[in-house]
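Input: a single structure, listed below in structure tokens.
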């Protein structure tokens with residue numbers, strides 16, 4: 005994914021005294037602005053009308069009105085994943101609050117800094133049995149690191165500061181409930197700007213890492229698994245891999261961290277990966293995990309010898325027992341390891357094995373990218389996307405059958421990838437693409453979605469027009485929930501509930517103000533991709549694709565535990 009790290013905000017003087025003319029809503033917005041928040045995503049409702057009134061009277065923080073609170077949460081999460089800054093969303097009480105939770109769960113499980121502001125019943129009604137009243141703090145507890153109900157106007161600044169501070173410093177979801185009658189009340193507390201950060205790096209000495217290096221030098225069949233946290237190591241990862249003589253495997257989050265033509269890269273991991281990877285990992289005598297906790301049963305050895313590098317200590321040994329855990333930035337650790345192995349003599353027989361696996365996988369993907377038919381095979385679509393999506397693009401990938409094909413057949417050239425990692429919610433792709441384009445308007449943005457996921461968020465098509473966001477949506481339309489259907493087929497189940505009755509997506513998109521096209525063949529696909537990336541309007545490419553069962557669906561090559 006190549007997630008960004010936010011730069012420290014510029015120092016600002018702390019106000020010496022409060023402005024008693026400011027309401028709670030106004031200080032919340034000013035506090036958000038001090039922290040660099042430029043936009044907030046949400047849906048209007050009775051319990052936030054006072055908040056929106058304050059929004060209308062200032063220009064620092066924009067509201068992006070969306071059609072469903074779930075998408076507001078996803079957009080805040082996607083913006084934070086992309087920029088490293090805190091994403092912010094809002095909702096009214098009751099149903100609005102509950103709808104928000106799905107999007108916030110994406111941020112929570114992907115350790116993304118998001119603040120949610122939700123309206124609540126007037127103070128005197130809290131705890132009663134009035135319509136839409138629910139204990140928000142209890143409901144959000146599994147998702148938010150911190151949730152507070154503001155019950156006095158003078159608590160607003162401190163609670164907002166704490167919510168922003170915790171989200172930013174820990175990469176977590178935080179939440180404030182504000183009774184609707186408090187938004188317009190005056191408060192008497194000064195604003196609290198963020199503390200400017202001066203970032204330092206932990207300096208690893210050669211002596212400190214010598215035990216790890218001793219283990220690395222002793223092995224003859226090394227493998228590296230690089231995930232989302234490996235992006236900072238991108239300049240030195242090929243050097244380490246080559247000097248150590250290991251095979252390099254990437255997870256979906258690490259896709260693009262090295263050029264996929266690198267002769268030591270052997271493909272992805274899991275159902276969307278290379279079929280040779282599980283066997284290479286099984287044969288390996290040491291696996292180095294860099295910025296990854298992905299460890300799919302049946303595709304990885306049960307009791308490997310492993311070393312793990314991660315910035316978060318809680319990730320070390322989370323999914324697999326490790327011999328050494330290194331807490332630190334992957335970039336600095338990988339550079340040091342590569343330097344220290346400059347005189348290492350790797351096993352040539354293992355290198356030959358790794359590079360043969362690379363060639364075999366490369367030939368497979370290239371051959372599949374030429375598959376043809378009507379409807380088009382998903383492999384052919386991925387081949388065209390690999391060719392035409394520019395390296396500086398942001399790609400948002402929804403959850404579904406197309407995710408497997410993307411992981412398996414898309415040849416990354418370093419594009420930034422946004423996806424729902426551990427939560428894996430459908431409906432992520434379109435709202436995430438909108439947030440990405442709003443956050444970084446100078447970059448091309450492409451959403452790769454399925455018909456099931458897109459159908460969950462068709463209302464946001466008009467949001468794209470409303471906000472003037474020229475994105476490209478590549479719709480892989482197989483008329484079903486194909487991921488589930490494929491698993492049913494492999495298990496011998498009857499396929500109830502997975503075939504979809506879809507609208508005419510082209511007509512729906514055109515009615516929403518988009519340019520839209522149904523793509524029937526490979527020649528048309530190539531042209532349509534080029535045209536869409538140059539179009540000043542948002543564009544939908546509806547591509548009927550074959551419902552092909554991915555080769556590793558439902559399989560566990562190395563068996564179950």
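In the numbering used here, the protein residues as written are 5 to 565. The beta carbon of each residue, even a glycine, is placed where N, CA and C say it ideally should be.
Under 9 Å between the Cβ atoms of residue i and residue j?
i, j, result
"residue 468", "residue 438", "yes"
"residue 336", "residue 229", "no"
"residue 118", "residue 81", "yes"
"residue 529", "residue 450", "no"
"residue 3", "residue 340", "The chain is shown only over 5 to 565; residue 3 falls outside these bounds and no answer can be derived."
"residue 405", "residue 454", "yes"
"residue 90", "residue 171", "yes"
"residue 181", "residue 154", "yes"
"residue 101", "residue 116", "no"
"residue 409", "residue 258", "no"
"residue 403", "residue 420", "no"
"residue 350", "residue 249", "yes"
"residue 79", "residue 435", "yes"
"residue 36", "residue 227", "no"
"residue 284", "residue 357", "yes"
"residue 160", "residue 38", "no"
"residue 174", "residue 149", "yes"
"residue 464", "residue 71", "yes"
"residue 432", "residue 110", "yes"
"residue 107", "residue 74", "yes"
"residue 255", "residue 273", "yes"
"residue 316", "residue 326", "no"
"residue 559", "residue 494", "yes"
"residue 515", "residue 384", "no"
Measuring alpha carbon to alpha carbon, tell me which of the options ends up nearest residue i.
i, options, result
"residue 215", "329, 62 and 153", "329"
"residue 51", "78, 517, 110 and 130", "130"
"residue 414", "366, 308 and 454", "366"
"residue 446", "157, 275 and 537", "537"
"residue 475", "554, 292 and 440", "440"
"residue 190", "418, 523, 28 and 401", "28"
"residue 535", "548, 525 and 521", "521"
"residue 95", "65, 55, 61 and 354", "55"
"residue 239", "144, 262 and 222", "262"
"residue 478", "59, 488 and 399", "399"
"residue 511", "496, 37, 483 and 546", "546"
"residue 44", "25, 93 and 332", "93"
"residue 213", "332, 422 and 143", "332"
"residue 280", "265, 264 and 253", "253"
"residue 460", "442, 443, 448 and 507", "507"
"residue 105", "141, 87, 493 and 303", "141"
"residue 244", "334, 377 and 85", "334"
"residue 234", "312, 561, 287 and 247", "312"
Just verifying my parser: in three-state terms, what is the DSSP assignment at residue i?
i, result
"residue 220", "helix"
"residue 466", "helix"
"residue 140", "helix"
"residue 1", "No statement about residue 1 is possible, as the shown extent of the chain runs from 5 to 565 and does not include it."
"residue 333", "coil"
"residue 413", "helix"
"residue 17", "The predicted model places residue 17 with a pLDDT of 45, which falls under 50 and marks its position as unreliable, so this point remains unresolved."
"residue 480", "strand"
"residue 473", "coil"
"residue 237", "helix"
"residue 556", "coil"
"residue 11", "Interpretation of residue 11 is limited by its pLDDT of 49, a score under 50 that renders its predicted location unreliable; no figure is taken from the coordinates."
"residue 400", "strand"
"residue 245", "helix"
"residue 449", "strand"
"residue 212", "helix"
"residue 503", "strand"
"residue 454", "strand"
"residue 380", "strand"
List the DSSP bridge partners of residue i.
i, result
"residue 551", "Beta-bridge pairing links residue 551 to no other residue."
"residue 522", "546"
"residue 254", "230 and 272"
"residue 121", "94 and 180"
"residue 45", "68 and 93"
"residue 393", "Residue 393 is not bridged to any residue."
"residue 420", "398"
"residue 27", "190"
At a Cβ threshold of 9 Å, is residue i touching chain D?
i, result
"residue 172", "Protein chains in the displayed structure number just one, and chain D is not present."
Please give the ranges of any beta strand (DSSP E) in the region 266–329, keeping only runs that are unbroken, at least 3 residues long and fully inside the region. 269–272, 290–294 and 310–314
Uninterrupted beta strand (DSSP E) stretches inside the region 144–206 (no shorter than 3 residues): 150–153 and 177–183
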